[in-house]
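>
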Ligand code: URA
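Written as structure tokens, this is what we have:
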């Protein structure tokens, strides 16, 4: 196998055999194919796409780049949830403890920030001491002890995705249903789960901007999981505006604690309850979705979900003090309010700009080796349909360095489209459900 031949074949819209794909992924994982060749191949895939057979071969090659876990000896259904990524999308931090508090086992392997979207691992690491690099034995011990463990891809589990994910983040090669499917499913199938709930984001802050693309990705993900014997559902949910009121790693942990404590923004809380309900339903813990929603809400109201989060944080070495006092989380030194230039209503939000503003402030990576600043982020004051006065803040940037503040300011200001007329369409939270 010569990497350059596979790059050229994909560039020219050719189809690769399963063996080609298998050899390329294995060679890249070993370090025998350099990042520059892999980047070129990824870009060719983004441009030319992949057949269903190629996607299946890529998922399989990435899955078997590491170990596939077997938790069949562990009592209780193993169920996980994964999002395709958005701005302010912190649902994993809330749903994982809800599901574990309700008796499911949640062996969650997550990713870091990707493109303009945030990632669960970066958020968790803003809790002082929280270790997302557990060994396999530690992962198993935490899962057995409290029903949930949250880690990243490792050298042992989904190592191909570990490398490819970091590369795609900084090479503009995220937006491909084939690459997203193989990335997500190689991690999730390695977890040894019985069922998976997928949150496929659609809209201005998602990788999939329209229903056709989102539904195609959802179908692909569901089909891939079902082929491997997993119970699957995909919810296509709205990302035309940030989820909740905060984006940025430590700020999102604080907002997740608010929801786990019975408060927090209504949209975030509602989506978490919906997704957790699907986990309980697929995990056969409840007979209906309504029962699952009630169970999820009860687990929050009784404080059990919050206590489960405390257990997870403690077992993974984090400072549990942040749960009682989120001000212990790192905070940015400065703030800048972005104000409306006119009276009117928020007609739409270019949500990707807000995600990029977070990256520019240091909350995400532009180069693989960049260190992120967990304290920075954005607080959102206005949502689609809200009235706004001239000079009123639409959002507040939390920052530590002025170096790229103007750029972040322009991106944030340009994200809000204000019109004199009130818009007559307010985005719904869940657009479609696929796979049941
Ligand atoms: N989540 C993943 O794990 N991978 C992607 O490519 C996109 C979202």
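In this note's numbering, the protein residues as written are 3 to 438. Beta carbons: idealized from backbone N, C-alpha and C, even for Gly.
Once DSSP output is grouped into helix, strand and coil, what is the label at residue 288?
Coil, per DSSP.
> How would you label residue 336, buried or exposed, when you count the other beta carbons within 10 angstroms and need 16 or more for buried?
Burial call: exposed.
> Please name the residue, chosen from 44, 109 and 129, that lies closest to residue 154 on a Cα-to-Cα basis.
109
> If you measure between the beta carbons of residue 40 and residue 169, is that distance less than 9 Å?
yes
> Since residue 374 and residue 91 should fall inside the 8 Å C-beta cutoff, what is the C-beta to C-beta distance between them, to a whole number of angstroms?
Cβ atoms of residue 374 and residue 91 stay farther apart than 8 Å, at about 16 Å.
> Determine the closest residue to residue 354 out of 428, 120 and 149, with distance taken between C-alpha atoms.
120
> Rounded to a whole number of angstroms, what is the C-alpha to C-alpha distance between residue 271 and residue 261?
6 Å
> Could you tell me the boundaries of the beta strand (DSSP E) in which residue 243 lies?
No beta strand (DSSP E) holds residue 243; DSSP gives it neither H nor E.
> Does the beta-carbon of residue 33 have 16 or more other beta-carbons within 10 angstroms, so that it is buried, or is it exposed?
exposed
> Taking Cβ to Cβ, would you say residue 298 is nearer than 9 Å to residue 282?
Result yes, Cβ atoms of residue 298 and residue 282 sit closer than 9 Å.
> Starting from residue 382 and walking both ways along the alpha helix (DSSP H), at which residues does that stretch end?
Taken as a continuous stretch (DSSP letters only), residue 382 belongs to no alpha helix (DSSP H), being part of the beta strand (DSSP E) at 379-382.
> The ligand URA: which residues have Cβ under 5 Å from any of its heavy atoms, chain order?
86, 87, 113, 182, 185 and 186
> For a test of the three-state rule: what should DSSP assign to residue 175, helix, strand or coil?
DSSP places residue 175 in the coil class of the three-state scheme, outside both helix and strand.
> When the Cβ atoms of the region 233-247 are set against those of the region 196-210, are three or more pairs found closer than 8 Å?
yes
> Grab me the residues of residue 195's own chain with a C-beta within less than 7 Å of its C-beta, minus the 5 sequence neighbours each way, in chain order.
80, 81, 82, 109 and 232
> Would you say the region 97-107 touches the region 218-226, given that touching needs at least three Cβ pairs under 8 Å?
no
> Between which two residues does the alpha helix (DSSP H) containing residue 253 stretch?
251-262
> Determine whether the beta carbon atoms of residue 412 and residue 348 lie at a separation below 9 Å.
Not a contact, by the Cβ cut-off of 9 Å.
> Determine the direct distance from the alpha carbon of residue 292 to that of residue 284, and round the result to whole angstroms.
13 Å
> In the region 165-236, which residue ranges form an unbroken alpha helix (DSSP H) of at least 4 residues, counting only runs that do not cross its ends?
179-192 and 213-229
> In angstroms with no decimal places, state the Cα-to-Cα distance between residue 415 and residue 131.
35 Å
> At 3 residues or longer, what runs of the beta strand (DSSP E) sit wholly inside the region 295-364?
336-341 and 346-351
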